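Report on one structure; see the data block that follows.
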Amino acid sequence: MHCASCVRSIERALEGVEGVSEASASLVEEVVRVRFDPSGLGPDALVGAVEAAGYGAEVLAGADAATEAEIRQGERREAEERALRRRLWTGLGLGAPIVLIGHWGMIPGLPAMGEGLRTGLEWTSGVLALPILLYSGWGFFHGAWLAARRGAAEMNTLIALGTGAAWLYSTVALAAPALFPEGSARPFYETVAVVITLVLLGQGIEARARRRTAEALRALFDLAPETAERLDGGKVETVPVATISPGDLVLVRPGARVPLDGRVTSGESDLNESMLTGESAPALRVPGDEVVGGTINGTGALTVEVTRVGADTLLARIGTMVRRAQATKPPIQRTVDEVARFFVPSVVVVAIATFGVWMAVGPDPRLSYAMTTAVAVLVIACPCALGLATPISVMIAIGNAARRGVLVRDGQALQRARRVDTVVLDKTGTLTVGRPEVVFAETVGDAREADYLAAAASVEARAEHAAARAIVAYAEERGFELPEVEHFAAHPGKGASGFVEGRRVLVGSPSFAAEAGVDTVPLSAQLAEVAAQGATPVMVVLDGRARGLLGLADTLRPDARDAVARLRGSGVDVVMLTGDAPAPARRVAEQVGIQRVSSRVSPTVKARAIERLQGDGRVVAMVGDGINDAPALAMADVGVAMGSGTDVALQTGDVALLGDSLHGIETLIGVSRATGRNIAQNLVGAFAYNVLGIPIAAGVLYPSLGVLLSPMIAGAAMAFSSVTVVANANRLRARGPDSGTRGGRGFLGRSSP
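First residue of the sequence shown? That's 363 in my numbering, and the numbers climb one at a time after it.
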């Protein structure tokens, strides 16, 4: 595919197949995504429709096939670039003497040329121009012929018509000058040579820029190693990753990449997950923790039980998601495609009209002027710039966001995010870390911390809930050893009990302690203090006496306050909707600086609250954990699921934040706004270029200023107009979002072991 006309031709060919409901082609990726009824239509029919339109195609299915296709596509692009360079060097080598001959009289120091010598050299130019036309320019004529066969016109049509007409006119003028009015029989083979060479040069620069853009996505597949060390009966063997199955055990040595998704069975180590989440701090992984393929192990060896392989791995599914997002079309692109559909035929009509006007009212030699201006109109028009203006920016922007741990599902969500003026945040798991931690600890009476805390942790070590894990972690952080527990019993909704070193231990709520005969009245002040912190009280009772009081609370994310402040500073209103009780909700809101809070809100009520905000004209982004917030995420203009790379985050919402940082919201809005500006710049530039360039090429300035555009200059302008669009879009990658982002590189970013 070369331009927007190619895109539309392929889409029309596929949409004309019975059973196809939608076809969307990506000019940048050279991929078409088709929605069709598989009951009456197979992939071969789709391939046939594309081939009938004059293009090659192959079917992709699943992440593995997509990965292989990425490699094959990269190889094809490299081969095409090599062939393009050969054609370009041919054009440069043969075109240089043609330009010299054509401009002989304008070069100082060269002797005057006699008529006989001039005629001979002009014939030489014609002969040299022929391989430029038929070899260097073969792609233009072949593409134009294929387009004509399907009743269409595209960029190749304009180049082929312009250069072909220039060569034919020049040859007839040399062979039969008597057929032309006096003074009109002047060949201009240099136009053929320069236009084709410059267009090839522009295509080469554009292809290189597009290849580098696509390589940012291909870099994803370099994160996963090709081999792994599999444990088999105590032996370690190095095998290809493709031969590993779920349930296999693999050894991950210090500094090595985790080969596949799995669960740690032994060992502990810090893992560098920055390429996935964008967060620079290493993540501790211990037995029972999940690990993701492609992340880098730290200083400890790990044994990992593989849980997912191939297309089911998180890395593969993320890659598929990003590819789909980059291929989706924002609404503005569909409008541009419709414009491009009529663009080339309109240019041909304008060129014919230009020829007719100059023949009718132009100065002598009229035929020469008419031919020059008509060719200039044909070669200056550039549908490529229009076709690239939106998709190249969207592709770079989505990759840019992904490198920061923000996965955008489609271009439409990216476009909507720039208009967000209200962000609705859930509390638990969004503003907070989503798990309880001990925030208050106090001894009762003459007890020692070592006594009650070690005993409580020993009992809770047998429990399975989050509060129990928090108490155990708190005790272990303080270096307490946990004695054995006998006669452990869980009391759902109340607490747990057991015997530790001969003493009966109860750990649970104040009401649970009261049921056991413990007088909690003397602890009223401490219980009130725990409640004031928005924490849940947990009493530790040893042999019927209260010996310790703990307070557990879901703590704030470290960057929550700063993230909220930066959002508000950028003009975005921030609202909190939570199902939690009013006291902890207000406490969290005060800590992060949110003024509008609603508590005890059910998932359906959250969705209705967002609908009311939208009714007031607000563009709302809802940020939640992707589980309880599914209705609200679906109702919002942009649904953002936080999940630290979990399945839920990938399956819900328009956007998934892979890391734990709330700054991903700011990143999303910043990338979206920068992309909107970039697309506007590209479209304005592309439309302005054609709106101004075509009339100037037609000679509109000649009557007043005497300015007439040479076809060579017109060709140069056309060649570099699309290059300008690609270069402007690449500023998104170099500069990043204007609103600023936090965190490091994620997902596609590089990290060294």
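Where a beta carbon is used, it is the ideal one built from N, C-alpha and C, also for glycine. Bear in mind that the values here come from a model prediction, so they are computed numbers and not experimental data.
First through last residue of the alpha helix (DSSP H) which encompasses residue i
i	result
Phe503	Trp500 to Arg511
Thr735	Arg728 to Ile742
Ser487	Glu477 to Pro493
Pick from the options that is closest to residue i, judged by C-alpha positions
i	options	result
Glu443	Leu490, Ile558, Ala569 and Ser383	Ala569
Arg512	Glu373, Val557, Asp623 and Glu599	Glu373
Ile742	Met1074, Pro1065 and Leu868	Met1074
Val626	Ile460, Val653, Ala414 and Val601	Val653
Asp788	Val963, Ala537 and Arg395	Val963
Ala922	Glu630, Gly1026, Met938 and Val954	Val954
Leu450	Glu413, Thr486 and Leu496	Leu496
Leu490	Leu462, Glu516 and Met517	Leu462
Arg370	Ser820, Met733, Glu516 and Pro1057	Glu516
Thr790	Val620, Asp942, Ala969 and Leu1063	Asp942
Val698	Ala830, Leu750 and Thr553	Leu750
Ile558	Ala441, Ile972 and Val737	Val737
Ser631	Asp610, Ile606 and Thr657	Thr657
Thr669	Ala837, Thr682, Asn659 and Gly650	Gly650
Val1062	Val719, Leu633 and Ala604	Val719
Ala927	Gln774, Gly464 and Ile1027	Ile1027
Glu877	Pro602, Arg395 and Gly857	Gly857
Three-way DSSP call (helix, strand, coil) for residue i in this model
i	result
Ser371	helix
Pro920	coil
Gly1007	For Gly1007, the predicted structure reports a pLDDT of 43, less than 50, and the residue's modelled location is therefore unreliable. A value from the coordinates is still provided. Gly1007 falls in the coil class under three-state DSSP.
Arg766	coil
Ala522	helix
Arg1104	For Arg1104, the predicted model reports a pLDDT of 42, less than 50, meaning its position is unreliable and no value from the coordinates is stated.
Gly913	strand
Ala425	At Ala425 the pLDDT is 49, less than 50, meaning the model places this residue with poor confidence and gives no usable figure here.
Pro602	strand
Leu446	helix
Ile460	helix
Val648	coil
Arg930	helix
Arg548	coil
Lys968	helix
Phe717	helix
Arg619	strand
Arg771	coil
Val847	strand
Gly1055	helix
Ala1118	Missing from the structure shown is residue 1118; the chain here goes from 363 to 1115 and no further.
Leu633	strand
Leu1024	coil
Nonlocal neighbours in the same chain, by C-beta distance under 6 Å from residue i, ignoring five residues either side
i	result
Arg1112	With a pLDDT of 36 at Arg1112, under the threshold of 50, the predicted position of this residue should be treated as unreliable, and no value is reported.
Ser859	Ala851 and Leu868
Arg615	Ala663
Ser1083	Cys744, Ala747 and Tyr1051
Gly416	Leu508
Ala828	Arg797 and Pro798
Gly381	Phe398, Asp399, Gly402 and Leu403
Arg703	Arg370
Below-7 Å beta-carbon distance, residue i vs any chain B residue
i	result
Asp399	Looking at the structure shown, chain B is missing, and only one protein chain is on hand.
Contact set for residue i: own chain, Cβ-Cβ below 7 Å, skip 5 residues either direction
i	result
Thr966	Pro993
Thr1086	Gly1047
Ala809	Arg909 and Gly910
Thr675	Leu622, Asp623 and Gly655
Gly1055	Ile742 and Ala1079
Glu377	Ala385
Leu520	Val706, Val709, Leu740, Val741 and Ala743
Ala419	Val409, Val412 and Glu413
Lys597	none
Leu1067	none
Ala375	Ala411, Val412, Ala414 and Ala415
Thr792	Val985, Gly986, Asp987 and Met1004
Gly457	Ile494, Ala555, Val556 and Thr559
Bounding residues of the beta strand (DSSP E) (the contiguous stretch that carries residue i)
i	result
Val1017	Val1017 to Leu1019
Ile899	The question names Ile, but residue 899 in the sequence shown is Pro. Element bounds for Pro899: Thr898 to Leu904.
Gly590	Note that residue 590 corresponds to Ala in the displayed sequence, not to Gly. Taken as a continuous stretch (DSSP letters only), the beta strand (DSSP E) holding Ala590 covers Thr589 to Asp594.
Ala890	Ala890 -> not in any beta strand (DSSP E); alpha helix (DSSP H) instead, spanning Ser886 to Ala894.
Residues near residue i by beta carbon distance below 8 Å, same chain, minus five either side
i	result
Thr452	Pro493, Ile494, Tyr497 and Ser498
Next item on the list: Ignoring anything shorter than 3 residues or poking outside the region 783 to 832, list the beta strand (DSSP E) runs there in chain order.
Entry: Counting whole runs of 3 or more residues, the region 783 to 832 contains the beta strand (DSSP E) stretches 784 to 787 and 794 to 805.
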